[in-house]
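Asks: Have a look at the structure that comes next, please.
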Amino acid sequence: MSQLPLLPSSPPPSWSVTDLTRYLRDLLESDANLQDLWVQGEVSNFSRPASGHLYFTLKDETAALKCVMWRNAVLRQAFLPRDGEAIEVHGSISLYEVAGQYQLYADLIRPAGEGVLYQEFLRLKARLEAEGLFDPARKRPIPKWPRRIGIVTSPTGAALRDILNTLRRRYPLVDVVLAPTPVQGEEAPPNIVEAIRALNEVIHPEVILVARGGGSIEDLWAFNDERVARAIAASQAPIITGVGHETDFTIADFAADLRAPTPTAAAELATPNRDDLRASLADQAGRLSRTIQAVLSNQRWELSSLQNRLQLRSPQARLRTDRQRLDELARRAEIAVLHSLELRHTRLTGLDQRLGSLSPLAVLGRGFAVVSHPDGQVVRSVHQIHPDDELNVRVSDGQFHARALDAGG
Amino acid sequence: MPEPSSLDQLTYEQAFTELEAIVTGLESDQRSLEEAMTLFERGQALASYCAGLLEQADLKVQQLSGGNLTDFTPPA
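As they're listed, the protein sequences go chains A and B. Heads up: the first sequence runs through residues 295 to 703, numbered per the numbering used here. Heads up: the second sequence runs through residues 11 to 86, numbered per the numbering used here.
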């Protein structure tokens with residue numbers, strides 16, 4: 295708070311414009327009632343200059359309030375108001391000194407009535423939660439490989455297109471049945487309920503997707519309907535909801551067995567990825583192949599091992615062995631015989647020669663004679679001779695008889 | 011062992027689960043050569059069947075309206 299400047303004598307102490315304005319600003323900013331508040335009114339003088347900031351006036355029958363929203367808050371806004379619309383604005387009051395203007399500095403804008411809807415949402419959620427409708431124990435697991443998928447959504451919306459594209463890419467072997475239904479407006483809740491019932495009764499899918507594209511809380515309001523929540527909880531097939539954008543949570547989402555942030559995500563959660571399946575299949579096929587090869591090669595080894603043992607014991611085998619031994623022995627025998635023959639031959643030849651030179655026949659050839667008595671006794675000495683003995687005389691080429699004429703001496 | 015069912019009656023899940031069981035069985039149990047070959051042939055048939063299902067390109071989409079099931083034609 296600024297000091298009143300002390301001036302001498304009569305003119306009353308006065309504020310500078312700046313000081314007074316600053317005082318007023320501080321006054322406003324220090325009042326808790328004026329911070330973090332909601333204001334509702336009609337939009338006029340809406341402008342969005344190049345700076346990106348928003349300027350507009352909120353008014354009702356008897357008063358007007360200038361508003362500004364800075365660019366960074368504007369970027370976070372999905373909803374932007376138009377002149378004449380009824381809106382609710384959240385922010386704080388302060389004072390723009392340069393223009394001497396108090397303003398609402400806004401950080402959030404929403405259509406009027408959303409606040410009321412949101413309260414209703416909170417009340418219903420609390421009531422159904424107390425009943426146990428959202429109990430995690432009630433939630434059923436999603437089957438891994440669904441054969442049929444039911445879809446509850448608009449036939450013309452982007453949600454269906456996104457879901458079908460996802461299923462086609464990931465898991466085209468699944469059968470899809472669409473139960474078309476409006477997804478907003480008063481007629482939506484009973485139609486959604488009927489669609490879920492019909493799918494369960496006629497098709498018996500393994501899983502049902504309940505989906506809708508993005509929108510405001512009013513657009514999504516059908517999915518906050520109590521009848522829809524109960525139909526989802528009572529469904530025979532487990533239900534995956536994919537309603538609105540990532541940040542939207544509806545009563546249907548709480549009642550579902552599984553909530554997906556978007557319709558595409560719902561389709562992904564419902565199905566396996568074909569690439570993963572291909573990989574698993576290839577793995578099993580590979581193992582099958584390798585195992586049977588191992589079995590076969592095992593069998594072959596056993597067979598060949600048996601064959602070997604058999605052959606060693608068979609008669610044929612024995613014959614072969616014997617024959618071989620026979621050959622071997624024969625060879626050795628041959629060698630031995632040859633060897634001994636050779637030996638004998640050598641000896642005989644030598645003896646022969648020696649014998650030859652000593653042969654009596656060779657002596658007779660030199661003029662000697664062999665005299666012998668008729669009884670064969672060879673005469674060696676005169677004492678063996680008596681007169682008139684008959685003698686045999688052998689010379690080199692024959693023999694003749696002879697008579698001894700005297701006794702010799 | 012239960013009678014093997016005709017292939018085209020099986021869902022992907024059933025076929026793949028049976029294939030897994032055959033592979034595990036072949037890897038662990040001692041079997042006669044004849045039994046092993048029979049199992050192997052069944053396993054091969056299952057693997058082919060699964061592969062065929064996976065490579066199917068078209069997604070079959072039908073519509074259920076007022077109790078009637080018809081082919082779904084996407085809006086233009």
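All C-beta atoms in this analysis are idealised placements derived from N, C-alpha and C, irrespective of residue type, glycine included.
Can you tell me whether DSSP reads M11 of chain B as helix, strand or coil?
Replies: A caution first: M11 of chain B carries a pLDDT of 46, below 50, which makes its placement in the model unreliable, though a value can still be read off. Coil at M11 of chain B, not helix or strand.
Asks: Nearest by alpha-carbon distance to P435 of chain A: which of A:I502, A:V676, A:F373 is it?
Replies: A:I502
Asks: Less than 8 Å between the CB atoms is what I'm expecting for R464 of chain A and T565 of chain A, so what's the real figure, rounded?
Replies: A Cβ-Cβ distance of about 5 Å is found for the pair R464 of chain A and T565 of chain A, placing them in contact under the 8 Å criterion.
Asks: Just verifying my parser: in three-state terms, what is the DSSP assignment at W595 of chain A?
Replies: helix
Asks: Which residues does DSSP list as the beta-bridge partners of I533 of chain A?
Replies: A:I502
Asks: Give every residue of the same chain whose Cβ lies closer than 8 Å to the Cβ of T312 of chain A, excluding the five residues on either side of it in the sequence, and list them in chain order.
Replies: E391
Asks: Roughly how many angstroms lie between the CA atoms of E540 of chain A and G509 of chain A, to the nearest whole one?
Replies: 11 Å
Asks: Is it buried or exposed, N518 of chain A, if we count other Cβ atoms within 10 angstroms and call 16 or more buried?
Replies: buried
Asks: Is Q334 of chain A closer than 8 Å to I381 of chain A when the C-beta atoms are compared?
Replies: yes
Asks: Does DSSP put K438 of chain A in a helix, a strand or coil?
Replies: If DSSP states are grouped into helix, strand and coil, K438 of chain A belongs with coil.
Asks: Determine the contact status of Q371 of chain A and E30 of chain B, defining contact as a CB-CB distance below 8 Å.
Replies: Contact check for Q371 of chain A against E30 of chain B fails: the beta carbons are separated by 8 Å or more.
Asks: Once you ignore the five residues that flank K433 of chain A on each side, which residues in its own chain have a CB closer than 6 Å to its CB?
Replies: D551
Asks: Which of the three DSSP states is assigned to I381 of chain A in this structure?
Replies: strand
Asks: Between the alpha carbons of T544 of chain A and E379 of chain A, how many angstroms are there, rounded?
Replies: 25 Å
Asks: Would a C-beta distance cut-off of 8 Å place L74 of chain B and A492 of chain A closer than the cut-off?
Replies: With contacts defined by Cβ atoms closer than 8 Å, L74 of chain B and A492 of chain A form a contacting pair.
Asks: Between E23 of chain B and chain A, is any beta-carbon pair separated by less than 8 Å?
Replies: yes
Asks: Just the Cα atoms here: how many angstroms apart are Q587 of chain A and A61 of chain B?
Replies: Going from the Cα of Q587 of chain A to the Cα of A61 of chain B covers about 22 Å.
Asks: How would you call A516 of chain A, buried or exposed, if buried means at least 16 neighbouring beta carbons within 10 angstroms?
Replies: buried
Asks: Using a Cβ distance threshold of 8 Å, determine whether the segment 479-497 of chain A contacts the segment 527-534 of chain A, with at least three qualifying pairs required.
Replies: At 8 Å Cβ cutoff, the stretches touch.
Asks: Quick check on S308 of chain A: does DSSP put it in helix, strand or coil?
Replies: coil
Asks: Name the DSSP bridge partner or partners of A696 of chain A?
Replies: According to DSSP, A696 of chain A bridges with A:L685.
Asks: Using a Cβ cut-off of 7 Å, pull out every chain B residue sitting near R432 of chain A, in sequence order please.
Replies: Simply none; closest approach about 25 Å.
Asks: Distance check for K70 of chain B and T460 of chain A, CA to CA, integer angstroms please.
Replies: One C-alpha to the other measures close to 13 Å.
Asks: With 8 Å set as the bound, which would you pick, yes or no: does the beta-carbon of P474 of chain A sit closer than that to a beta-carbon of chain D?
Replies: This model lacks chain D altogether, as its protein chains are A and B.
Asks: Spatial neighbours of W439 of chain A within its chain, please: C-beta separation below 7 Å, excluding the five flanking residues on both sides.
Replies: P566
Asks: How is T48 of chain B classed by DSSP in three states: helix, strand or coil?
Replies: Correct three-state label for T48 of chain B: helix.
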